[in-house]
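Here the structure comes first, spelled out in structure tokens, and everything after it is commentary.
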Amino acid sequence: MGKKALILDGGLDDGALTRGPGEIAAVALRRARWRVEALVLREIDVAPCLGCFGCWVKTPGVCVIDDAGRDVAGRMIQSDLLVYLTPLTFGGYSSELKKALDRSIPNISPLFRLVRGEVHHVKRYARNPRVVGIGVCASAPSDPEEEELFETLVHRNAINLHAPADGATVICVTEDDEAKRERIERTIEGVIGA
Amino acid sequence: MSDGGGRVLLLVGSPKGLEKSNSARFGRMVVDRLERRGWASEAVHLHAAVRTEAGRQALLDAVDTASVVLFAAPLYIDSLPAPAIRALETIAAHRRAGSVSRVPRFVTLINCGFVEPSQNDTCQWILRRFAERTGFEWLAGVSLGGGGRVPKRVREAFDILAESIDLEILVPDEVERLTRKPIMPSWLYVVVGNSMWRRWAARSGVEERLGDRPYERLDS
Numbered sequence: 694m695g696k697k698a699l700i701l702d703g704g705l706d707d708g709a710l711t712r713g714p715g716e717i718a719a720v721a722l723r724r725a726r727w728r729v730e731a732l733v734l735r736e737i738d739v740a741p742c743l744g745c746f747g748c749w750v751k752t753p754g755v756c757v758i759d760d761a762g763r764d765v766a767g768r769m770i771q772s773d774l775l776v777y778l779t780p781l782t783f784g785g786y787s788s789e790l791k792k793a794l795d796r797s798i799p800n801i802s803p804l805f806r807l808v809r810g811e812v813h814h815v816k817r818y819a820r821n822p823r824v825v826g827i828g829v830c831a832s833a834p835s836d837p838e839e840e841e842l843f844e845t846l847v848h849r850n851a852i853n854l855h856a857p858a859d860g861a862t863v864i865c866v867t868e869d870d871e872a873k874r875e876r877i878e879r880t881i882e883g884v885i886g887a
Numbered sequence: 089m090s091d092g093g094g095r096v097l098l099l100v101g102s103p104k105g106l107e108k109s110n111s112a113r114f115g116r117m118v119v120d121r122l123e124r125r126g127w128a129s130e131a132v133h134l135h136a137a138v139r140t141e142a143g144r145q146a147l148l149d150a151v152d153t154a155s156v157v158l159f160a161a162p163l164y165i166d167s168l169p170a171p172a173i174r175a176l177e178t179i180a181a182h183r184r185a186g187s188v189s190r191v192p193r194f195v196t197l198i199n200c201g202f203v204e205p206s207q208n209d210t211c212q213w214i215l216r217r218f219a220e221r222t223g224f225e226w227l228a229g230v231s232l233g234g235g236g237r238v239p240k241r242v243r244e245a246f247d248i249l250a251e252s253i254d255l256e257i258l259v260p261d262e263v264e265r266l267t268r269k270p271i272m273p274s275w276l277y278v279v280v281g282n283s284m285w286r287r288w289a290a291r292s293g294v295e296e297r298l299g300d301r302p303y304e305r306l307d308s
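From first to last, the protein sequence lines are chains A and B.
According to the working numbering, the first sequence holds residues 694 to 887 in order.
According to the working numbering, the second sequence holds residues 89 to 308 in order.
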């Protein structure tokens with residue numbers, strides 16, 4: 694049985710920005726013999742995180758909100774690779790992608806530890822998924838500062854969520870298809886081959 | 089001194105709202121200082137505002153008439169909580185539609201549960217890009233760590249910040265110097281923090297279950 698990838702599609706509105714890049718990522722992963730599942734987050738009713746810490750100190754590992762957010766969090770930690778697919782939103786994630794990420798904090802422990810001198814949370818699970826970030830910008834050319842910001846954000850998330858490997862790329866919707874494909878494939882290969 | 093004619097809009101991006109959140113408490117500390125200088129204020133809870141069309145319109149109206157927007161939120165995984173991002177998306181779409189000519193000043197106040205204020209840097213970067221790309225004048229990004237504690241030096245920083253906003257002068261580096269230092273060494277925060285989490289879990293009778301793995305993979 695191959696390894697499992699979960700694509701979290703954080704596209705807004707009709708999803709026009711993220712649909713194509715998501716398909717490119719899925720094809721690349723299947724070619725590498727990965728099983729691929731995709732969640733179109735705008736079609737899933739996930740309530741916002743309450744910031745109550747109940748998932749840490751009342752029902753450890755499970756969000757206190759009984760909705761689809763629990764299922765999404767479970768699928769995330771049971772994957773070997775997460776693909777964060779999002780319209781580039783000031784260098785960060787869309788609200789649709791972030792609603793799922795916010796609800797995934799039950800998957801880490803509340804307890805603290807030091808990582809290179811900085812406070813972070815302890816692992817809850819022995820195995821944690823690798824992370825690939827794909828940011829899609831609507832207008833060309835993409836902003837180099839926001840590309841750097843997006844890569845920094847994905848890497849900082851990887852530290853906090855214990856991803857053993859991570860990588861990110863930003864593509865422009867106006868780029869030709871071959872350029873998009875090459876960039877996405879190279880980023881995925883860099884992470885799954887690490 | 090200014091003539092006290094400004095209007096500050098406090099946007100609170102915490103799910104705990106205007107009454108119970110640290111974000112609102114920190115934001116109020118700055119707003120109170122401005123009110124003492126004659127400023128008018130308004131506060132909007134972003135989680136509530138973005139849920140309805142009427143709430144989104146009220147948010148946009150408030151932003152359009154503000155002299156200064158003070159954006160106060162907690163750090164959620166190196167970024168903002170999802171509804172706060174939704175608010176940014178909504179404001180950006182409105183301002184890009186081209187009907188707005190005012191350039192409000194934009195100040196951010198991000199707090200995190202880690203001891204190092206520097207852990208807010210990525211979130212502050214996102215907010216600065218938002219401000220730059222949507223027609224706000226970026227004034228300052230103030231980062232707080234330590235999960236809600238406000239030492240005297242941070243209150244001094246708020247004094248300086250409010251004075252700078254009021255006088256329409258650059259925010260001095262002193263604000264960053266006063267807020268950037270962690271409230272205690274990181275190693276000590278780990279010890280104190282872990283004790284707090286265990287006590288908190290014990291109150292719910294789950295101290296021994298803190299490490300539960302309810303979604304453990306069957307093939308692990």
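For each residue, glycine too, the CB sits at the ideal point set by N, CA and C.
- Looking at the DSSP output, B/W226 shares a beta bridge with B/F194.
- Neighbours of B/F202 in chain A, taken as residues whose beta carbon is under 7 Å from its own, are V812 in chain order.
- By the criterion of at least three beta-carbon pairs nearer than 8 Å, the region 206-219 of chain B is not in contact with the region 275-288 of chain B.
- Counting only runs of 3+ residues, the beta strand (DSSP E) found wholly inside the region 109-160 of chain B occupies 128-133, in chain order.
- Contact between the region 265-274 of chain B and the region 126-143 of chain B is absent, with fewer than three C-beta pairs closer than 8 Å.
- In chain order, N199 and G236 place their CB closer than 6 Å to the CB of B/N110, counting only its own chain and leaving out the 5 sequence neighbours on each side.
- Within the same chain, no residue comes within 8 Å of B/W275 by CB-CB distance, once the 5 residues on both sides are set aside.
- Rounded to whole angstroms, the gap between the alpha carbons of B/W127 and A/A833 is 42 Å.
- Of all residues in the region 112-136 of chain B, those with a C-beta nearer than 8 Å to a C-beta of chain A are H135, reading in chain order.
- Interface annotation, A/C742: in contact with chain B, CB-CB separation under 8 Å.
- Look at the region 282-297 of chain B: the residues with a C-beta under 7 Å from a C-beta of chain A are N282, W285, W288, A289, S292, V294 and R297.
- Here DSSP, grouped into helix, strand and coil, assigns A/H855 to coil.
- Of the other Cβ atoms in all chains shown, fewer than 16 fall within 10 Å of the Cβ of A/D870; this residue is therefore exposed.
- Using a C-beta cut-off of 8 Å, the region 814-832 of chain A makes contact with the region 767-775 of chain A, since at least three inter-stretch Cβ pairs fall below that distance.
- Residue burial annotation: A/G704 is buried, with at least 16 other C-beta atoms found within 10 angstroms of its C-beta.
- Rounded to whole angstroms, the separation of the alpha carbons of A/E838 and B/D166 is 17 Å.
- Residues of chain B whose Cβ lies closer than 8 Å to the Cβ of A/E839 are, in chain order, R217.
- The shortest CA-to-CA distance from A/T862 to any of A/R849, A/R724, A/F843 and A/I758 is the one to A/F843.
- One Cα belongs to A/V750, the other to B/L168, and the distance between them is close to 22 Å.
- DSSP lists A/R806 as the bridge partner or partners of A/H813.
- B/E304 belongs to the set of residues whose beta carbon lies under 8 Å from a beta carbon in chain A.
- Chain B places no beta carbon closer than 8 Å to that of A/K696, leaving this residue out of the contacts.
- B/S231 does not reach chain A, its nearest Cβ partner there being about 14 Å away, counting only Cβ pairs nearer than 8 Å.
- Apart from sequence neighbours up to five positions away, the residues of its chain that approach B/E130 with a beta-carbon distance below 6 Å are L97 and A150, ordered along the chain.
- Shown here, A/T880 sits in a helix according to DSSP, grouped into three states.
- Rounded to the nearest angstrom, the Cβ distance from A/V776 to A/R763 is 21 Å, too far for a contact under 8 Å.
- For A/T779, the enclosing beta strand (DSSP E) covers residues L774 to P780.
- If you check the CB distance, B/R243 and B/T153 do not come in under 8 Å.
- Note that the C-beta distance between A/L743 and B/P103 is below 8 Å.
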